Amino acid sequence: MTTEGTPAERRREWLRDARLYLVCEARPGGRDPEELLRPALRAGVDVVQLREKSGDEREIVRAGRVFRRLCDAYDALFIVNDSPALALACAADGVHVGQEDTRPAEVRRMVGADLLIGLSTHSRAEVDAAADVDYFCVGPVFATPTKPAYEPVGLDLVRYAAERARVPFFAIGGIDPGNVGDVGRAGAQRVVVVRAIRDAHDPGAAARALREGIESAQPAGART
6 MTTEGTPAER RREWLRDARL YLVCEARPGG RDPEELLRPA LRAGVDVVQL
56 REKSGDEREI VRAGRVFRRL CDAYDALFIV NDSPALALAC AADGVHVGQE
106 DTRPAEVRRM VGADLLIGLS THSRAEVDAA ADVDYFCVGP VFATPTKPAY
156 EPVGLDLVRY AAERARVPFF AIGGIDPGNV GDVGRAGAQR VVVVRAIRDA
206 HDPGAAARAL REGIESAQPA GART
């Protein structure tokens with residue numbers, strides 16, 4: 006990873022090189038987050054998102070210190086879900102928002118020029134409308150209990166995003182070592198997972214399999 010340029014330039018360079026993105030709670034499965042994050046990061050996770058829907062802000066910031074320390078140790082990006090204020094409080098590299106959250110242009114005014122902004126998309130119209138962001142996610146590709154309100158978008162939306170994306174994008178939703186190759190062959194160079202690593206008996210082995218799967222599915226020289 007480069008150490009040259011502004012913080013924003015460095016983060017965007019790391020983002021372009023990223024292949025594997027893990028989302029988890031402050032205490033994944035009720036465990037100390039270090040038990041999950043350290044082996045996953047060591048095995049090839051490039052981006053970690055802290056997505057905590059139930060804890061209070063002080064708990065999230067405390068967890069954020071652990072996430073920040075481990076991401077620094079393994080040269081990974083650290084993202085906080087939903088809240089620009091918490092992303093700043095956690096010294097995160099960026100913030101990820103959904104379609105019903107604060108609009109990206111407003112998030113940019115809140116966090117300044119240096120932090121990354123990510124956006125969830127679930128349709129062709131949302132992919133086309135993605136603006137003022139550094140990356141976006143497409144999904145859920147397959148059915149997943151982490152997003153029960155959304156119908157799977159399938160591989161067609163991945164193919165569409167691969168053709169239209171002007172910034173890096175990640176496929177998300179129900180992706181595991183058994184289907185990550187299909188997702189890569191549909192045009193995704195990057196994937197986001199939750200359960201495939203969080204719930205694995207061996208998180209490091211799961212991360213390694215996912216990374217090998219997405220990388221092996223890429224055509225030679227692919228980089229977007």
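Quick note on the numbering used here: the sequence shown kicks off at 6 and runs consecutively. Yeah, the Cβ is synthetic: ideal placement off N, Cα and C, and Gly gets one too. All figures in this text were calculated on a predicted structure; none of them were measured in a lab.
Distance between residue j and residue i (C-alpha atoms, nearest Å)
| i | j | result |
| --- | --- | --- |
| V53 | L27 | 5 angstroms |
| L162 | A222 | 17 angstroms |
| K58 | E64 | 11 angstroms |
| R36 | T107 | 30 angstroms |
| L41 | R169 | 34 angstroms |
| I2 | R67 | Nothing in the structure corresponds to residue 2, since the chain is present only between 6 and 229. |
| L128 | E156 | Going by the sequence as given, residue 128 is Ser instead of Leu. Rounded to whole angstroms, S128 to E156 spans 10 angstroms at the Cα level. |
| L160 | I84 | 25 angstroms |
| A81 | L93 | 17 angstroms |
| A167 | V143 | 10 angstroms |
| F147 | V71 | 31 angstroms |
Buried or exposed (CB count within 10 angstroms, at least 16 for buried), residue i
| i | result |
| --- | --- |
| D77 | exposed |
| P109 | buried |
| D139 | buried |
| A201 | buried |
| G189 | buried |
| R114 | exposed |
| R74 | exposed |
| P33 | buried |
| G10 | exposed |
| R101 | For the record, residue 101 in the displayed sequence is His; it is not Arg. That one is buried. |
Beta-carbon spacing of residue i, residue j below 8 angstroms
| i | j | result |
| --- | --- | --- |
| A97 | G117 | no |
| V172 | F141 | yes |
| R16 | G99 | yes |
| C29 | R203 | yes |
| V196 | F174 | no |
| Y165 | V198 | no |
| P288 | P44 | An answer regarding residue 288 cannot be provided, because it is not within the stretch 6 to 229 covered by the chain. |
| P145 | V158 | yes |
| S125 | G103 | yes |
| A13 | D119 | yes |
| N86 | L46 | no |
| L91 | E62 | yes |
Check: residue i C-beta below 7 angstroms from any heavy atom of the ligand PLP
| i | result |
| --- | --- |
| V146 | Annotation note on the ligand PLP: not contained in the displayed structure, which lists no ligands. |
*How about the stretch 176-185 and the stretch 205-223: do they share at least three Cβ pairs that are nearer than 8 angstroms?*
The stretch 176-185, when compared against the stretch 205-223, does touch it at the 8 angstroms Cβ threshold.
*Is the stretch 9-20 in contact with the stretch 38-50, if contact means three or more CB pairs nearer than 8 angstroms?*
no
*asked:* Just to confirm the assignment: which complete beta strand (DSSP E) runs, minimum length 3, are found wholly within the stretch 12-70?
replied: 25-29 and 52-55
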